[in-house]
C-alpha cells in the first residue's frame, strides 16, 4: 500500500503529519529532506512566508487549481492564505482575480496585494462573478477559509468545466452537491503542501 502512495507523490499521505511551522519552536523530523538553507541575502521576516503560507497557496491553490493565462480566478477568504493565493495566481497572468471576504479591511489588503475586484460576502458575490464573466462563472475558485458555506459558494461561482481548489482546513462536514456539479463537469482538488515536490521553487 505504501509503495502505491509513494508512486502517487507520497508526502504527508504516508502518515508523517506534524503541526505547522508558525510557532516560536518547531519539531522538524526528517530535516534533511524538508529544510532548505537560505542565503544571508534573505531577510528572516520575508523567509517566514516560505515556511507554510506561500507554498500552500501556490501548490494547493494555484497549481492544483491549474490557474492559466486569461483565467478568471475567485479567491474566497482574504486572510494570509488568500492573500498569498493572489500573489501566486498573478504569476500565471489571469485576466482577473476577484476576492470575497467578510471584512472590508481584508478586502483592502486584497486590493493592495493585486486583486482586480473585491466583494463582501454579504453583497452577493455570485452576482458580481456572473456580471464580470458574462454569466459564465470563474475558471478557478480557490477556497481559503475552511467552512462549509464558503466551499459551497466556490462550487456555485465556478463555470462549467471549471476547477475548485480547496485550501481551507475544514473542521465541519461540507455538503458536496453532486446533483448540480456532475453536469457542470467541475474538478475539485484538496491537499496539503508537500515538502519535497517543489524544492527548487
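In the UniProt record's numbering, the protein residues as written are 1 to 201.
Backbone N, C-alpha and C fix where the C-beta goes; we use that ideal spot for every residue, glycine too.
None of the values given here were measured: they were computed from a predicted structure.
- Boundaries of the alpha helix (DSSP H) around residue 129: 125–132.
- With at least 16 other beta carbons inside 10 angstroms of its own, residue 139 counts as buried.
- By alpha-carbon distance to residue 157, the top candidate from 190, 89, 184 is 184.
- According to the DSSP secondary-structure assignment, residue 143 is paired through a beta bridge with 76, 166.
- In this structure residue 152 touches residue 175 by the C-beta definition: roughly 7 Å separates them, less than 8 Å.
- When the five nearest sequence neighbours on each side are left out, the beta carbons in the same chain lying within less than 8 Å of the beta carbon of residue 162 are those of 137, 138, 139, 140, 141, 184, 186, 187, in order along the chain.
- Spatial neighbours of residue 71 in its own chain (CB-CB distance under 7 Å, excluding positions within 5 residues in sequence) are listed in chain order as 94, 95, 139, 140.
- For residue 122, there is no enclosing beta strand (DSSP E), as DSSP marks it with neither H nor E.
- Taking the CA atoms as reference points, residue 103 sits about 14 Å from residue 125.
- In this structure, residue 114 sits near residue 90, with a CB-CB distance shorter than 8 Å.
- Pairing residue 117 with residue 80, the inter-Cα distance amounts to about 18 Å.
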